[in-house]
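Numbering (UniProt numbering), first residue to last: 1 to 353. Cβ coordinates follow ideal geometry from the N, Cα and C atoms, glycine included. Note that the coordinates shown come from a computational prediction; the quantities given were computed from them, not determined experimentally. This report refers to the structure that appears directly beneath it.
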Amino acid sequence: MVLATQLLDWYDKNSRDLPWRKDNDAYKVWVSEIMLQQTRVEVVKDYYTRWMERFPTLEALAQTSEQEVLTYWQGLGYYNRARNLLSGVREVCAEYGGKVPDNAPAIQKLPGVGEYTAGAIASIAYNRPSPAIDGNVLRIFSRLFCLEEDITKQATKRKIDRLIRDHMSVERPGDFNQALMDLGSMVCIPQRPRCQLCPLATLCEAQARDVQDVLPVRTPKKAPLHIKLAAGIVIQSSSLLITQRPATGMLAGMWEFPTVELAEDDSTSERLKTRIKSDLQQEVCVGKRLFHYIHTFSHRKWDISFYQCQWLAGNTISFPAHWLGLSELDTVPWAGPHRKVATVLGEQFTQEL
DNA sequence: AATTCGGGGCG
DNA sequence: CGCCCAGAATT
């Protein structure tokens, strides 16, 4: 296998030194792979380190509440990853005696673990010859074999799975898969690949035809839906009034300032006032706008304004609203741009002391 | 097969 | 701004 040999020779000289590569413990590999789903290595590094300090073992994580787990995850995005990881380690404790299964099909049964992650864990932690096909691998192989099919299609993925099984190292499958990651991040990058540095350049069909810049082919994504929101900032006795988002949907279970979605034809302050009244059975007075953010998600674009609010009467709060002390803002997971506002308010509060 | 899940970094 | 990133679950 000339491809595997050249790739591993390159990897032995150029592999990245990453926090989760210090050993091949299955729990650590699992955590790192989940964090790395659709997330850049540079971002994950600090999250991973803090995570391992707080949850050094599978058992330690299994005993933790979902809210605390989400707090350690906040800012990473795709919060179902954290929920699934938590229920996954609990399942391993209950069903497998605390030991992560050692083959890809069994690993893939765990929540939040798909084909890619199962292959990555099986190959890295247990030296199984399982492909781990992510965006890097799709890009590299579409160039190596000059595949002009859309890499987001399942048929293309099956084709590449076959190619990898034909070419991967059976002695070092974990290193083979990780070498592809490193090659994809340092050499065979999305724009302007550095083919002069590539250990596989002599094997690369796209390089031979000089089409590496137009591969891979993928379908363009849809434009995000635009949503206009208004949020109310209520401060009383050094505490902020916050509400918890529903248990399902975007940013599930995370906390935010009481928020309303604005329709075309209604006034911001009236809608905000009505929402806070109905949710909290409170009279409120909406003041001036303190913050304004355009926050773009992959599929949604929030245009959100934060208004200062004041109580006029009453003191009854209906679930799930809570008062959160300005000095304990880090104890709950915040929803998106609400965290930025909370942080600013917290800093102002600290300076006033 | 298409949609829904976040967030950040970079040219 | 557009692009894409160590994807998976749901519909």
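- In the DSSP assignment, Ala230 falls within the unbroken beta strand (DSSP E) covering Leu225 to Gln236.
- The straight-line gap separating the alpha-carbon atoms of Arg300 and Glu261 is approximately 13 Å.
- Check the Cα spacing between Trp10 and each of Gly249, Leu110 and Val187: the tightest is with Val187.
- When the Cα atoms are used, Gln310 and Tyr48 turn out to be separated by approximately 40 Å.
- Within the same chain, Cβ atoms closer than 8 Å to the Cβ of Pro337 are found at Tyr293, His295, Trp302 and Ile304, the five residues on either side in sequence being excluded.
- Per the coordinates, the alpha-carbon of Glu33 lies some 7 Å from the alpha-carbon of Ala120.
- About 15 Å separates the CB atoms of Arg81 and Gln108; that is not less than 8 Å, and the two are not in contact.
- Of the candidates Asp102, Lys45 and Tyr79, Asp102 places its Cα closest to the Cα of Tyr27.
- By the neighbour-count criterion, in which 16 or more other beta carbons inside 10 Å mark a residue as buried, Pro320 falls on the exposed side.
- Nearest in C-alpha terms to Trp323, of all of Gln244, Ser239, Thr331 and Val211, is Ser239.
- Comparing alpha carbon positions, the residue from Val92, Ile235, Pro193 and Ser123 closest to Leu110 is Val92.
- For a cut-off of 8 Å, the C-beta gap from Arg275 to Pro258 is around 6 Å, short enough to register as a contact.
- Ranked by Cα distance from Thr268, the first of Gly253, Phe297, Lys277 and Leu229 is Leu229.
- Buried is the label assigned to Val284, since at least 16 other Cβ atoms lie within 10 Å of its Cβ.
- Cβ neighbours of Gln308 within its own chain (closer than 7 Å, five residues either side excluded): Ile233, Gly287, Lys288 and Leu290.
- Secondary structure of Leu262 (DSSP, three-state): coil.
- Around the CB of Lys221, fewer than 16 other CB atoms lie within 10 Å, so the residue is classed as exposed.
- Non-local C-beta neighbours of Phe55 in its own chain, meaning closer than 7 Å and more than five positions away in sequence, comprise Leu61 and Thr64, ordered along the chain.
- Contact between the region 240-259 and the region 338-350 is present, with at least three C-beta pairs closer than 8 Å.
- Beta bridge pairing from DSSP links Ile121 with no other residue.
- Bounds of the alpha helix (DSSP H) holding Glu347 are His338 to Glu352.
- The residues Met254, Pro333, Trp334 and Arg339, in chain order, have a CB closer than 8 Å to that of Gln74 in the same chain once the five nearest residues on each side in sequence are set aside.
- Less than 8 Å separates the beta-carbon of Leu7 from that of Pro199.
- When secondary structure is reduced to three states using DSSP, Ile107 falls in the helix class.
- Residue pairing from DSSP places Trp323 in a beta bridge opposite Leu241.
- Taking each of Thr39, Ala206 and Gln67 in turn and checking the Cα distance to Arg139, the smallest one comes out for Ala206.
- Distance from the CA atom of Gly98 to the CA atom of Lys277, rounded to whole angstroms, is 48 Å.
- Judged by DSSP in its simplified three-state form, Cys285 adopts strand.
- As summarised for the UniProt domain "HhH-GPD" (35-186), the continuous alpha helix (DSSP H) elements at least 4 residues long and confined to that stretch are 41-54, 58-62, 66-73, 80-95, 104-108, 115-126, 135-144, 154-167 and 173-186, given in chain order.
- By the neighbour-count criterion, in which a residue is buried when 16 or more other Cβ atoms sit within 10 angstroms of its Cβ, Ser130 is buried.
- The beta-carbon separation of Pro224 and Phe297, rounded to 7 Å, stays under the 8 Å limit for a contact.
- When DSSP states are grouped into helix, strand and coil, Gln191 belongs to the coil group.
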